[in-house]
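Participant: To convert, count from 1 in the sequence shown and add 941; that's this note's numbering.
Ideal Cβ positions, reconstructed from N, Cα and C, are used throughout, including at glycine.
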Amino acid sequence: MEVILKEDVVKLGKAGQHVKVKPGYGRNFLLPHGLAVEANAGNLKVMEQHLANRAKRLAALKADAEAQAAELGKLRLVFVRKVGEEGKLFGSVTVSDIAKELIGHRHFHVDKHRIHLDMPLKTVGEHKIEIKLHPEVSAEFIVEVQAEAEEKAVEPEPEKVAEQPEG
């Protein structure tokens, strides 16, 4: 039995592919679950149109991702955190912090799961961060972690009382 896949099917093929399957698998699983349609002339034409529209849509998404990658490449995010004696942060800068900063101040709506960070940032300095915008497009930008300025309480100097000679 020949079918046209409507969705990607593991170990069988990708959406839009024309594949040959055993009749029982096609009739009892693929067709009832809406994963495929029978391969006939009408369905082939419809699927070709669908694939052409999908290709245009994917090309537009890729172009948008490339434009966003160019903007992100120029970006530098700065986080100010409290730091201990050895230059290690109290807490860390996480993927969620970076995503919130991108959304809140830069208006880049990015899913936090697309930001690649092996471990949360726990040291002061510059860190290169990679973000996957599209399966074929990724961008790198700089995240700088700075130490919070220590505010020492200004103690008033004790007033010097001029010693006056007695008498």
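1) Note down the Cα distance separating E1081 from L1030, rounded to an integer number of angstroms.
2) Determine, using beta carbons only, whether K1003 and H1075 come nearer to each other than 7 angstroms.
3) With distances taken Cα to Cα, identify the nearest neighbour of V1078 among H1048, V1036, E1012.
4) Can you have a look at L1062 and say buried or exposed, based on whether 16 or more other CB atoms are within 10 angstroms of its CB?
5) Three or more C-beta pairs closer than 8 angstroms, one from the segment 972-984 and one from the segment 945-963: is that the case here?
6) V1024 and V1065 - do their beta-carbons sit closer together than 7 angstroms?
7) Which runs of the alpha helix (DSSP H) spanning at least 4 residues fall entirely within the segment 946-979, listed in chain order?
8) Just to confirm before moving on: does the CB-CB distance between M942 and G967 stay below 7 angstroms?
9) Residues in the same chain with beta-carbon distance under 8 angstroms from L985, minus the five sequence neighbours each way, listed in chain order, please.
10) Could you check where the beta strand (DSSP E) with V1084 kicks off and where it finishes?
11) For G1028, which of K961, Q1087, G957 has the nearest alpha-carbon?
12) Spatial neighbours of V1051 within its chain, please: CB distance less than 8 angstroms, with the 5 preceding and 5 following residues excluded, ordered by chain position.
13) For the candidate residues Q1009, F1020, H1057, whose alpha-carbon lies nearest to that of H1048?
14) Helix, strand or coil for E1173 per DSSP?
15) Rounded to the nearest angstrom, what separates G1136 and K963 at their Cα positions?
16) Following the continuous beta strand (DSSP E) through F1020, name the residue where it begins and the one where it ends.
Facilitator: In terms of the structure at hand:
1) 23 angstroms
2) yes
3) Nearest option by C-alpha distance: E1012.
4) With 16 or more Cβ atoms within 10 Å of its Cβ, L1062 is classed as buried.
5) yes
6) yes
7) none
8) yes
9) I945, H959
10) DSSP places V1084 inside the beta strand (DSSP E), whose first and last residues are 1078-1088.
11) Q1087
12) A1040, L1043, I1044, I1072, L1074
13) Q1009
14) Outside the shown range of the chain, which is 942 to 1108, sits residue 1173, and nothing can be said about it.
15) This structure gives no information on residue 1136, because the portion of the chain shown stretches from 942 to 1108.
16) 1017-1022
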